[in-house]
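The block underneath contains the structure these notes are about, expressed in structure tokens.
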Amino acid sequence: MHMTDDSTTTLSLDEVRGLARSVFVAAGVDEHGSAVLADLVRMSERDGPRSHGLRMLPVYAQSFASGYANPAANPSVERIAPGVLRGDGDNGYYQIVAAKARNELIEMARENGVAAFSCANCHHLGALRFDTGSLAEAGLVALGVVNSLSMVVPQGGVRPVFGTNPMSFACPRPGGEPVVWDQASSMVALMDIRMAAAEGHDLPRPAGLDPEGQPTRDPNAILETRSLLPFGEHKGAAIAFLIEVLGAALAGGTLSVDNAKREAHGALNIKGGNTLIAIDPARFGNEAFGEYVQRICGEIEGNGDARVPGDGRLKNRAAAEADGVSVTAELMAQLRELQ
235 MHMTDDSTTT LSLDEVRGLA RSVFVAAGVD EHGSAVLADL VRMSERDGPR SHGLRMLPVY
295 AQSFASGYAN PAANPSVERI APGVLRGDGD NGYYQIVAAK ARNELIEMAR ENGVAAFSCA
355 NCHHLGALRF DTGSLAEAGL VALGVVNSLS MVVPQGGVRP VFGTNPMSFA CPRPGGEPVV
415 WDQASSMVAL MDIRMAAAEG HDLPRPAGLD PEGQPTRDPN AILETRSLLP FGEHKGAAIA
475 FLIEVLGAAL AGGTLSVDNA KREAHGALNI KGGNTLIAID PARFGNEAFG EYVQRICGEI
535 EGNGDARVPG DGRLKNRAAA EADGVSVTAE LMAQLRELQ
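When the letters of the sequence shown are read in order and numbered with this note's numbering, they come out as residues 235 to 573.
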């Protein structure tokens, strides 16, 4: 760790994990849970989006301190059909129950060709790519979704119905890192809007409504109305609908619009529903699957400035592993208070 001239601190990725773990332990999370969550923070700082890294720690801590989330959760996982696992997070964080389910989900996908894990009664504030990416590393194709706090206005609507409702896709790539991407159904993820507000700059494009109901690039105006625009107009709204069904409805999680419990605790997330689908390409009859993926990627690479979806994270990863990550003095002070 060292200070730079502009009052920022550079942390190694090990220091990021240690700092995050100390915050979780101080909040009452057990040794296993704090290790799982701290690693998620480290990976978010390493690969991006950094908005899901250290900046999320005050949100995590608030959810525990307010009684909204259970730091001592003992989640359960049950196989309810040959290809279906169902998790109950015991009101803890999703990543802890997902870690518990991962090996069985992989075994089920290899056995059946397709398997799914759904989870309710849990909190999810991390990047979905770490769910799907670990399955791709095991040779599987994966799709993950989670619904979230309502703030996305359907195309033509005047009030939020959906969350930013992210989705993630991953698949193995022969001879290289898996292809992994995740994206919100909104034009911009909420934490990126918060980050722009904290850093004092406008967004690159209009991403939400101002108090007059007009599209704006001003992150503070969007945070005031909490009304974000879907990406691609009606197309993004359709994806948000899909995720509300696959996430909340299929898993039995909280709908994006049902905020009473969240508001009672002053929390910044709802207990949405998560669904993770794993597919074993080896069971689908196309022995050349890997060659197809290579060909698709090859048609993108070297095609002007195009890049394979999600590959920007690999450049971020190399830089963070070599040089660490820069953290503002304001955030460091905030995190020290939570230790």
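For every residue, glycine included, the Cβ atom is placed at its ideal position computed from N, Cα and C.
These numbers were taken from a predicted model, which means no experiment stands behind them.
query                                                                                                                   : result
Beta carbon proximity, ALA482 to chain B, threshold 8 Å                                                                 : The chain labelled as chain B is not found in the depicted structure, where only one protein chain is given.
For GLU411, three-class secondary structure by DSSP                                                                     : coil
For ASP557 and LEU574, the rounded distance between their alpha carbons                                                 : Since the first residue shown for the chain is 235 and the last is 573, residue 574 is missing from the structure and cannot be characterised.
Bridge partner(s) assigned by DSSP for ILE513                                                                           : VAL348 and VAL375
DSSP beta-bridge partners of GLN417                                                                                     : MET401
Length of the line joining the Cα atoms of VAL263 and GLU433                                                            : 30 Å
LEU245, enclosing beta strand (DSSP E) - first and last residue                                                         : 242-245
N-terminal and C-terminal residue of the alpha helix (DSSP H) that ASP426 is part of                                    : 424-433
Residues of its chain near VAL293, where Cβ-Cβ distance is below 8 Å and the 5 sequence neighbours each way are ignored : LEU359, LEU502 and ASN503
Closest by C-alpha distance to ARG289, when choosing among SER300, GLU411, TYR302 and LEU274                            : LEU274
PRO412 versus ALA404 - alpha carbon distance                                                                            : 7 Å
For ASN325, the first and last residue of its enclosing beta strand (DSSP E)                                            : 318-327
Buried versus exposed call for LYS505 [16 or more other C-beta atoms within 10 Å across all chains shown]               : buried
For ASN520 and ALA540, the rounded distance between their alpha carbons                                                 : 27 Å
Span of the beta strand (DSSP E) around GLU535                                                                          : Premise fails: GLU535 is in no beta strand (DSSP E) and is neither H nor E.
Beta bridge counterpart(s) of PHE396 as assigned by DSSP                                                                : VAL386
Alpha-carbon to alpha-carbon, GLN389 and VAL527                                                                         : 34 Å
Cα-Cα separation, LEU484 to THR244                                                                                      : 42 Å
Meets three-Cβ-pair contact criterion under 8 Å: the region 300-313 and the region 443-454                              : no
Under the three-state DSSP convention, the category GLY252 falls into                                                   : helix
Spatial distance of VAL491 from VAL395 (CA atoms)                                                                       : 6 Å
Nearest candidate by alpha-carbon position, reference TRP415, set PRO543, ALA430 and ILE314                             : PRO543
For SER420 and ILE473, believed in contact at Cβ under 8 Å, the rounded distance                                        : The Cβ separation is near 10 Å, so there is no contact.
Own chain residues within Cβ distance below 6 Å of ARG496, not counting five before or after                            : ILE504
Helix, strand or coil at PRO440 [DSSP, three-state]                                                                     : coil
Bridge partner(s) assigned by DSSP for LEU614                                                                           : With the chain covering 235 to 573 only, the question about residue 614 has no answer from this structure.
Cβ pair CYS353, GLY321 closer than 8 Å                                                                                  : yes
Minimum C-alpha distance to ASP545 - residue among ALA554, GLY538 and CYS531                                            : CYS531
Those residues which DSSP pairs with THR562 across a bridge                                                             : THR242
Spatial neighbours of GLY347 in its chain, beta-carbon cut-off 6 Å, leaving aside the 5 residues before and after       : ASP514 and ARG517
Counted within 10 angstroms of its Cβ, other Cβ atoms place GLU341 as buried (16 or more) or exposed                    : exposed
Inter-residue spacing [alpha-carbon to alpha-carbon] between ARG439 and ILE330                                          : 36 Å
Where GLU279 falls, given that 16 or more other Cβ within 10 Å makes a residue buried                                   : buried
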